[in-house]
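Reading through the structure tokens given below for one structure.
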Amino acid sequence: MFQIVEKKLSLRFPLRQHLHALTCQIPTSLERHNQVYRLANPERNWQTIESVMRLAIAGHGNLKKANFLFFPESTLPLNHLRDALDLIDVMHPNTVTIIGLGPINLGDYKGLLQCFAADNQETLDSVLEDINTGDVETLPVNCCMVAVKEDDGRLRVFFEAKSHPFVGEENLDSDHYLYRGKIFPLFRCQPSCFNFMALICIDYAYRDLYQSNINVIIEKANQLFFETRQRLDLLAVIECNPKPEHSAFGDVANGFYGEYLARTPGVSDTVTLFCNCSDETLCAGSPPGANFGHSSVLIHKNHKLKPIDRAEYSTDDFAGRPVCRLRFGAATRLYYFSLPFFHELDPRATRTPIKVHAVFRADQGHWIRLSSDELTGETRVPEVSSPKASRKIFSIEEGASANTRAVARSHKK
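Under my numbering, the first residue of the sequence shown is numbered 142, with each subsequent residue one higher.
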């Protein structure tokens, strides 16, 4: 049901430096039409995506260091795919962009795979086999694109389809039942020795009677560790999720990091990033009390992070689980932060493995960087509910100003 194929990328990340990620918590709008979903306002979606990409291309401040751009599920209109690729091709080398495409059908998906067959041969073969065995080309597909600007400037484009629908995408009519993807790339970057994967929302939590998606990833990462002493460094999950903190997601994180039944060295230092749509998202059929937003970053509890609670983000242990979570707010925001490069960190050093460098808000088609005062807001240290809660993971500060660092030091005291 879930096959991982290795894809080698030529990416040269800076030595002895953290990687930088821009997580784009932007809104989308989905409506039902003839039993399937479609983008309600595709042009507005594209204007938002274009503005973010142009911000990254301009690279003001340290944005020029961005290595990863993450967009939510179901955002990019298919008719603007080429426009998006043209902008990605202008970005500096060694940049990875992960973005969810708006709903398409299996025929369109096959066409995309054929256009980029050199990088998607296994996925294309799987789709052609499914079509030949009876899957019709009108089946809806929820997919994402991973576009990579390699070190030599070459642009490579990969696609993967969601393996299981959320409740709004399940129908009694077989012609409208969501197509299930079966091939998922594991990207292995050389010479930087960095490995990452991408999933679409419920694929993170999906299992059947015989197999669990996340367990397949753990087994592959363990194989990678025992054969090469490399790990899965990053697992990116893009979402359009009205319940980003559903217990099912927490339970999977519990098993992923908990090592309850077996040692899992391949994922013990994995950073899990959830990029969700913002609270301005409209999705037909969403449950009552839908609460989009709250993108987050998870990492194993062994990496220390001090307690912090601010207007734009906070830290916690995800309700007592063996993780530390950097949890963002629900509003439309761009979050720019560093990702730790664990195998290059000296455990004796005092440098913080992750920093929140900037937060941007939308303002009439532009992105405005929040000031230090806006970021600081009304700060308070969250209550410690148990002795374990004080064992936090990586320390977070904005490196932007001395005032912000002073606030952080006061909390440390």
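A virtual CB, placed ideally from N, CA and C, is assigned to each residue, including glycine.
Query: What number of angstroms, rounded off, separates the C-alpha of L350 from the C-alpha of C285?; Result: 26 Å
Query: Please classify T274 as buried or exposed, where buried requires at least 16 neighbouring CB atoms within 10 angstroms.; Result: exposed
Query: Pair every Cβ in the region 262 to 271 with every Cβ in the region 198 to 209, then say whether three or more of these pairs are closer than 8 Å.; Result: no
Query: Rounded to whole angstroms, what is the Cα-Cα separation between T169 and G426?; Result: 14 Å
Query: Any contact of the region 187 to 204 with the region 158 to 167, i.e. 3+ C-beta pairs under 8 Å?; Result: yes
Query: Tell me the start and end of each unbroken beta strand (DSSP E) in the region 152 to 184 that is at least 3 residues and wholly inside, in chain order.; Result: 160 to 166, 170 to 174, 177 to 180
Query: Got a sec, what are the start and stop residues for the beta strand (DSSP E) L376 sits in?; Result: 375 to 379
Query: Is it the case that the Cβ atoms of L375 and V408 are separated by a distance below 7 Å?; Result: no
Query: DSSP on L402, reduced to helix/strand/coil?; Result: coil
Query: In terms of DSSP beta bridges, what is V300 paired with?; Result: Looking at the sequence itself, residue 300 is Phe, so the reference to Val does not match. BP columns for F300 point to M286.
Query: Go to C416, then tell me how far its beta strand (DSSP E) extends in each direction, as first and last residue.; Result: 412 to 416
Query: Hey, how far is the Cα of I359 from the Cα of N220?; Result: 36 Å
Query: So for A530, helix, strand or coil by DSSP?; Result: With a pLDDT of 38 at A530, under the threshold of 50, the modelled position of that residue is not reliable, and no figure is offered here.
Query: For N261, which residues in the same chain have their Cβ closer than 7 Å to its Cβ, ignoring the five residues on either side in sequence?; Result: L254, F299, F300
Query: Does the contact criterion of 3 or more C-beta pairs under 8 Å hold for the region 338 to 347 versus the region 374 to 392?; Result: yes
Query: Quick check on I509: buried or exposed, where buried means 16 or more other Cβ atoms within 10 Å of its Cβ?; Result: exposed
Query: Note down the Cα distance separating P281 from P383, rounded to an integer number of angstroms.; Result: 21 Å
Query: Distance, Cα to Cα, E291 vs C330?; Result: 10 Å
Query: Just confirm the distance between the C-beta atoms of S512 and A472, as a whole number of angstroms; I'd bet it's less than 8 Å.; Result: Not confirmed; about 16 Å, so no contact.
Query: My output table needs one value for C334: the three-state DSSP class, helix, strand or coil.; Result: coil
Query: In the region 174 to 234, which residue ranges form an unbroken alpha helix (DSSP H) of at least 4 residues, counting only runs that do not cross its ends?; Result: 183 to 199, 222 to 231
Query: Say whether the region 173 to 183 touches the region 235 to 255, bearing in mind that this needs 3 or more beta-carbon pairs closer than 8 Å, one atom from each stretch.; Result: yes
Query: How is D458 classed by DSSP in three states: helix, strand or coil?; Result: coil
Query: What do you reckon, are the CB atoms on A288 and T216 nearer than 7 Å?; Result: no
Query: Return the CA-CA distance between V177 and P332, expressed in angstroms with no decimal places.; Result: 43 Å
Query: Q352 by DSSP, collapsed to three states: which one?; Result: coil
Query: Return the CA-CA distance between N363 and P406, expressed in angstroms with no decimal places.; Result: 6 Å
Query: Using a Cβ-Cβ cutoff of less than 6 Å, which residues in the same chain neighbour G470 once the five nearest sequence positions on both sides are dropped?; Result: E453
Query: Specify, as a first and last residue, the run of the alpha helix (DSSP H) that I343 falls within.; Result: Taken as a continuous stretch (DSSP letters only), I343 belongs to no alpha helix (DSSP H), as it is neither H nor E.
Query: DSSP state of D314, grouped into three classes?; Result: coil
Query: Residues in its own chain within less than 6 Å of R173 by CB, not counting five upstream and five downstream?; Result: A425
Query: Check the DSSP bridge columns for C465 and list the partner residues they point to.; Result: I440
Query: Let me know the secondary structure DSSP gives K323 once reduced to three states.; Result: coil
Query: May I have the straight-line CA-CA distance separating F154 from L160, to the nearest angstrom?; Result: 7 Å
Query: On the DSSP bridge assignment, give the partners of N363 in chain order.; Result: Answer is none; N363 lacks a bridge partner.
Query: Grab the span of the alpha helix (DSSP H) containing I240 for me, first residue to last.; Result: Unbroken run through I240 is the beta strand (DSSP E), 236 to 241; no alpha helix (DSSP H).
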